[in-house]
Amino acid sequence: MRQDRSSGNKAESGYRHADPVTDAALDWFVRLLDAPADAATLAAYRAWRQSDPRHARAFDRLTELGGMAELHSATLTHVAAAHVTAAHLPAAPVPAPVRRVCPSRRAWLGSIAATGLLALMGSHLYPDLKTRWSADHRTAVGERREVALPDGSQMILDSDSAVALAFGGEGRRVALLRGRAWFDVARDTARPFRVAAGFSTVEVTGTAFSVESDDRGDSVFLERGRVTVSRPDDPARPMTLAPGDRLTATARGLTMQPRPDPAEALSWRNGRYAFHNERFDTVVATLRRYHAAPILLLDERIAMTRVSGNFRLDDPAGALAALAGMAGARITSLPGGILVLR
Numbered sequence: 011m012r013q014d015r016s017s018g019n020k021a022e023s024g025y026r027h028a029d030p031v032t033d034a035a036l037d038w039f040v041r042l043l044d045a046p047a048d049a050a051t052l053a054a055y056r057a058w059r060q061s062d063p064r065h066a067r068a069f070d071r072l073t074e075l076g077g078m079a080e081l082h083s084a085t086l087t088h089v090a091a092a093h094v095t096a097a098h099l100p101a102a103p104v105p106a107p108v109r110r111v112c113p114s115r116r117a118w119l120g121s122i123a124a125t126g127l128l129a130l131m132g133s134h135l136y137p138d139l140k141t142r143w144s145a146d147h148r149t150a151v152g153e154r155r156e157v158a159l160p161d162g163s164q165m166i167l168d169s170d171s172a173v174a175l176a177f178g179g180e181g182r183r184v185a186l187l188r189g190r191a192w193f194d195v196a197r198d199t200a201r202p203f204r205v206a207a208g209f210s211t212v213e214v215t216g217t218a219f220s221v222e223s224d225d226r227g228d229s230v231f232l233e234r235g236r237v238t239v240s241r242p243d244d245p246a247r248p249m250t251l252a253p254g255d256r257l258t259a260t261a262r263g264l265t266m267q268p269r270p271d272p273a274e275a276l277s278w279r280n281g282r283y284a285f286h287n288e289r290f291d292t293v294v295a296t297l298r299r300y301h302a303a304p305i306l307l308l309d310e311r312i313a314m315t316r317v318s319g320n321f322r323l324d325d326p327a328g329a330l331a332a333l334a335g336m337a338g339a340r341i342t343s344l345p346g347g348i349l350v351l352r
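Residue numbers (my numbering): 11 to 352.
Listed below in structure tokens is the structure:
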């Protein structure tokens, strides 16, 4: 059993990180999740954070993990068994957190850290650095940018997106490194225009279409004209899209999807997010692109709830608050803009 560092009382046994600073940051993450609005807790947190630069760095590393798929999977695995009650809070600010965390919640955080997620910070940050080095054009979170390409084509980059260009005498190629982009391609039958994403290559001579790419797959929507989509490992079997078609490409292959309302499919170009009967976790995944801090969804039942709406993309927190009411979710705001849905 462990001793409470402040009161001397016996504390609940549970996971303890080898680094005492990270261990304290884990405690603060839990306590703020349980009682984010309590003034005494927030004051104690600020005192701890400001007392040593290492404290702020350790806490920020934990919150950055919120956008990682590994953290999402770990929390869904363990949160079902964790019925957490609010922590007993100190009456006044103290320099270090009082260890009175519910054992089930402590075990939940311990399981996350024990699975190696803290060690994955390097692999989480490296792709972003690689994108910064490789991109010719990229947008920040919440930014949308129109770009004139060297051949006269037009491109709109969505929030948190990046592309690399390769325009030469015989070809026009765009690599979508991250996010989403819309293209209005200048016609040139001698030089096909290709967009390479994570799981697919789109080829056209003159048309308008959008491509979205993340770790799960690519989504291609054709506004007008005609495009062919192929997989890099199977270029001999492309699929052809007609206006209004939507196709997804994953590690398992190419799949035609139900034709969406074009106004909904391209609403992001006008700063809106319109959707109908979408899974809540799909909507949250989209809104993460527009919110600077992590958004955690910790309830599988809520994740599968179907929702519809039309929201401004410059206010993702407001959209999530409205959607949480529809889905029966509780939304908690943590320091740094972190949002937790459960």
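All residues carry an ideal CB built from backbone N, CA and C; glycine is no exception.
Please classify Met-336: is it buried, with 16 or more other beta-carbons within 10 angstroms of its beta-carbon, or exposed? Exposed.
How many whole angstroms separate the CB atoms of Arg-316 and Arg-289, which I take to be in contact at a CB cut-off of 8 Å? Rounded, the Cβ-Cβ distance is 6 Å, consistent with contact.
Check the Cβ-Cβ distances between Leu-330 and every residue of chain C, and say whether any is below 7 Å. Here chain C cannot be found, since the structure has a single protein chain.
What residues in its chain sit with their C-beta under 7 Å from that of Thr-248, if we drop five residues either side in the sequence? Contrary to the premise, residue 248 reads as Pro rather than Thr in this sequence. For Pro-248, where only same-chain residues beyond five positions count, the Cβ hits under 7 Å are Thr-238, Val-239 and Ser-240.
Candidates Arg-201, Ala-331, Glu-222 and Gly-254: closest to Arg-234 by CA position: Nearest Cα to Arg-234 within the set Arg-201, Ala-331, Glu-222 and Gly-254: Gly-254.
Counted within 10 angstroms of its Cβ, other Cβ atoms place Ser-163 as buried (16 or more) or exposed: Around the beta-carbon of Ser-163, 16 or more other beta-carbon atoms lie within 10 Å, marking it buried.
For Thr-260 and Tyr-55, I'd like the C-alpha separation in whole angstroms. Taken atom to atom, the span from the alpha-carbon of Thr-260 to that of Tyr-55 is near 43 Å.
Taking buried to mean at least 16 other C-beta atoms within 10 Å of its own C-beta, is Asp-225 buried or exposed? With a 10 Å radius around the Cβ and a threshold of 16 neighbouring Cβ atoms, Asp-225 comes out exposed.
With distances taken between CB atoms, is the gap from Val-195 to Leu-186 smaller than 7 Å? No, they are not a contact pair.
Using alpha carbons as the reference points, say which of Gly-216, Tyr-300 and Glu-274 lies closest to Phe-285. Nearest in C-alpha terms to Phe-285, of all of Gly-216, Tyr-300 and Glu-274, is Glu-274.
Taking the alpha helix (DSSP H) that Tyr-55 belongs to, which residues open and close that run? According to the DSSP assignment, Tyr-55 belongs to the alpha helix (DSSP H) that extends over 49-60.
Do Asn-287 and Ser-318 come within 7 Å of each other at the CB atom, strictly closer than that value? The Cβ atoms of Ser-318 and Asn-287 sit closer than 7 Å to each other.
Exposure of Glu-156, with buried meaning 16 or more beta-carbon neighbours within 10 Å: Residue environment: Glu-156 is assigned as exposed (fewer than 16 neighbouring CB atoms within 10 Å of its CB, all protein chains considered).
Have a look at Phe-209 and Gly-263 and give me their C-alpha separation to the nearest angstrom. For Phe-209 and Gly-263, the distance between alpha carbons rounds to 9 Å.
Between which two residues does the beta strand (DSSP E) holding Pro-248 run? Segment 244-251, the beta strand (DSSP E) holding Pro-248.
Just verifying my parser: in three-state terms, what is the DSSP assignment at Val-108? Note on Val-108: pLDDT 39, under 50, position unreliable in the model; no value is reported.
So, for Ala-302: in the same chain, excluding its five sequence neighbours on each side, which residues have a beta-carbon less than 8 Å away from its beta-carbon? Within the same chain, Ala-302 has close Cβ partners Val-151, Gly-152 and Gly-347.
On a Cα-Cα basis, can you pick out the residue from Thr-51, Ile-305 and Phe-69 that is closest to Asp-33? Nearest option by C-alpha distance: Phe-69.
Range covered by the alpha helix (DSSP H) that runs through Val-221: Run containing Val-221: none in the alpha helix (DSSP H); it sits in the beta strand (DSSP E), 218-223.
Close-in-space but distant-in-sequence residues of the same chain around Ser-229 (CB under 7 Å, 5 per side omitted): Excluding residues within five positions, the ones whose Cβ falls inside 7 Å are Glu-222, Arg-256 and Thr-258.
Just to confirm before moving on: does the CB-CB distance between Ala-339 and Ile-305 stay below 7 Å? No, the pair does not count as a contact, with Cβ atoms beyond the cut-off.
Which first and last residues belong to the beta strand (DSSP E) in which Arg-298 is found? Note, Arg-298: premise wrong, no beta strand (DSSP E); alpha helix (DSSP H) at 290-298.
Nearest-angstrom Cα separation, counted from Leu-36 out to Asp-244: Taking C-alpha positions only, Asp-244 is separated from Leu-36 by approximately 46 Å.
CB contact flag (Phe-231, Val-214, <7 Å): The beta carbons of Phe-231 and Val-214 sit no closer together than 7 Å.
Sequence-distant residues of its chain with Cβ nearer than 6 Å to Tyr-300 (five each side left out): Around Tyr-300: Gly-152, Ser-169, Leu-323 and Pro-326.
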